[in-house]
Amino acid sequence: MAPITDEQVETVRALVASIPAGRVSTYGDIAAAAGLSSPRIVAWIMRTDSSDLPWYRVITASGKPAPHLATRQLENLRAEGVLAKDGRVDLRVARHQF
DNA sequence: AAGTTGACCTCTC
DNA sequence: CGAGAGGCCAACT
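According to the working numbering, the first sequence is numbered sequentially starting from -6.
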């Protein structure tokens, strides 16, 4: 196995931190941008290594975050100006491109 | 030490 | 367009 280096995790954090307000990103994109082999690692990072970073700006490819957090995330995103339709964020406009 | 879990993504039926 | 299965990596029990 290839243990994830701090650099990878740090890159993920940097990417999330560099996401401007009113914009979101998907796990897959972050994982790819961080150079991770699998998007699951990004999800794992949020679960285990929760930081002060705005994880709520990170959503799934479906345009919706986790079920339990979805309500909170969408509310926060809506407050930042993200246009969410029926609980779904418009990735075509809100998706932050690196 | 092995098996299960976790906030996933993509392909196929 | 909706549902199901597979694959991926690491941490936790």
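Ideal placement from N, C-alpha and C gives every residue a C-beta, glycine not left out.
Note that the structure is a prediction, hence the values are computed from the model and not measured.
Query: Among A77, T53, D45 and L67, the one whose alpha carbon lies nearest that of A24; Result: T53
Query: CB of P47 within 9 Å of CB of I12, strictly; Result: yes
Query: Neighbour-count burial assignment, S18, 16 or more Cβ in a 10 Å radius; Result: buried
Query: Close beta carbons around S43, own chain, < 6 Å, minus the five adjacent residues each side; Result: none
Query: Residues of its chain near E73, where Cβ-Cβ distance is below 7 Å and the 5 sequence neighbours each way are ignored; Result: A14 and G15
Query: First and last residue of the uninterrupted alpha helix (DSSP H) at P32; Result: P32 to T41
Query: Simplified DSSP assignment, three categories, for A77; Result: strand
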